[in-house]
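Beneath this line is the structure, given in structure tokens, with notes to follow.
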Amino acid sequence: MNLSSMDFEDIEKRAQDIVEKLSGGKGDGQGYSSFVRNLYDIVRKINYTGNASIVKAKILLLYHISRKMDKKGKEEKKTLEELRKVLIGACNEMIEAGDEKKEEIFNKLKIFLQALIAGMKYKEVMNTMSRGR
Numbered sequence: 159m160n161l162s163s164m165d166f167e168d169i170e171k172r173a174q175d176i177v178e179k180l181s182g183g184k185g186d187g188q189g190y191s192s193f194v195r196n197l198y199d200i201v202r203k204i205n206y207t208g209n210a211s212i213v214k215a216k217i218l219l220l221y222h223i224s225r226k227m228d229k230k231g232k233e234e235k236k237t238l239e240e241l242r243k244v245l246i247g248a249c250n251e252m253i254e255a256g257d258e259k260k261e262e263i264f265n266k267l268k269i270f271l272q273a274l275i276a277g278m279k280y281k282e283v284m285n286t287m288s289r290g291r
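Residue 291 is where the sequence shown ends in our numbering, and the numbering goes up by one at each step.
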């Protein structure tokens with residue numbers, strides 16, 4: 159499902175699903191907060207009125223996710239692949255969309271990444287507290 163066709167509740171659920179998958183099982187989400195913040199910084203710098211800016215962001219997103227995937231196990235790779243599809247799909251949608259739709263997709267993409275950041279931070283805090291630090 160594309161971000162443009164999701165409402166804000168669906169976007170939050172999708173982000174929470176990814177957070178759970180990345181922080182569930184053996185992993186505790188450590189290291190993903192800074193990774194997701196880096197992705198958010200890339201997206202935040204997009205000038206959505208120009209396709210060149212979107213393409214540049216798309217390349218940077220692919221690069222960062224690919225590097226993270228190289229270091230992870232099978233399950234985490236599947237989740238990172240899901241994340242990649244959402245982000246790159248949104249970039250492709252922005253490239254193809256008209257001017258009014260681009261801003262809407264851009265805002266939904268930022269909300270999606272903000273929800274990911276919040277979820278990762280929450281997981282880190284809960285894991286730290288459960289270890290008694």
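Just so it is clear, CB atoms sit at the ideal spot from N, CA and C, and this is done for glycine as well.
| Check | Outcome |
| --- | --- |
| DSSP state of Asn-205 mapped onto helix, strand, coil | coil |
| Reference Leu-297; option with closest CA among Lys-232, Glu-167, Arg-202 and Gly-231 | In the structure as shown, the chain starts at 159 and stops at 291, and residue 297 therefore has no counterpart that could be examined. |
| Local Cβ density within 10 Å of Glu-251, reported as buried at 16 or more and exposed below that | buried |
| Whether Ile-204 touches Phe-264 by CB criterion (8 Å) | yes |
| Nearest-angstrom Cα separation, counted from Thr-207 out to Thr-237 | 30 Å |
| Reduced DSSP category for Ala-173 - H, G, I as helix; E, B as strand; rest coil | helix |
| The stretch 257-275 contacting the stretch 219-238, beta-carbon criterion three pairs below 8 Å | no |
| Residue interval of the alpha helix (DSSP H) (run including Asp-165) | Taken as a continuous stretch (DSSP letters only), Asp-165 belongs to no alpha helix (DSSP H), as it is neither H nor E. |
| Proximity to Gln-272 [Cα-Cα], best of Tyr-190, Ser-163 and Lys-229 | Tyr-190 |
| Whole-angstrom distance between Ile-169 and Glu-234, CA atom to CA atom | 20 Å |
| Spatial neighbours of Phe-166 in its chain, beta-carbon cut-off 7 Å, leaving aside the 5 residues before and after | Ile-269 |
| Outcome for Ser-163 when other beta-carbon atoms lying within 10 angstroms are tallied against a minimum of 16 | exposed |
| Start-to-end residues for the alpha helix (DSSP H) that takes in Arg-242 | 232-254 |
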